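Residue numbers (the working numbering): 73 to 212.
Shown next, in the form of structure tokens:
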């Protein structure tokens, strides 16, 4: 299996890196420095320029891990930004509560407690039910 990385997913670098690592496994790439060079070749100049120090002088040990950590730190949302985004997107729409919870868990990336997410979904579901009942009373 050949290594064919997709374009960098700036909106979710951690998942992109998991995808890349899966391709490494399939292509039999296991050496750190080989992974490092494959990662460098997969990134465009805009991304590489933000890790210029590592790209121009990679560490002898853990070059891939060092570059990977830099990419994650540069492009991952902060916990506060992620929570703000979750709260902004918090509505059931056509989703059931369990679907909304699943979507929120994915968006939270394991950084927000499951209990808090369940509480938020329960609050939204209760609010939607209350609004629905109010609308039904207005129709009747």
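Glycine included, C-beta positions come from ideal geometry on N, C-alpha and C. None of the values given here were measured: they were computed from a predicted structure.
Would you decide whether residue i is buried or exposed? Buried here means 16 or more other CB atoms lie within 10 Å of its CB.
i: residue 144; result: exposed
i: residue 78; result: exposed
i: residue 188; result: exposed
i: residue 146; result: exposed
i: residue 87; result: exposed
Give a yes or no on whether the C-beta atoms belonging to residue i and residue j are separated by under 8 Å.
i: residue 101; j: residue 114; result: no
i: residue 125; j: residue 80; result: no
i: residue 139; j: residue 129; result: no
i: residue 104; j: residue 136; result: yes
Which same chain residues end up closer than 7 Å to residue i when comparing Cβ atoms and leaving out the 5 residues on each side of it in sequence?
i: residue 73; result: 98, 99
i: residue 107; result: 96, 101, 136
i: residue 131; result: 138
Could you name the residues of the same chain whose beta carbon sits closer than 8 Å to that of residue i, not counting the 5 residues immediately before and after it, in chain order?
i: residue 120; result: 112, 127
i: residue 89; result: 140, 143, 144
Spatial neighbours of residue i within its chain, please: CB distance less than 6 Å, with the 5 preceding and 5 following residues excluded, ordered by chain position.
i: residue 92; result: 77
Going residue by residue through the segment 98–141, where are the continuous beta strand (DSSP E) segments of at least 3 residues, counting only ones entirely within it?
none
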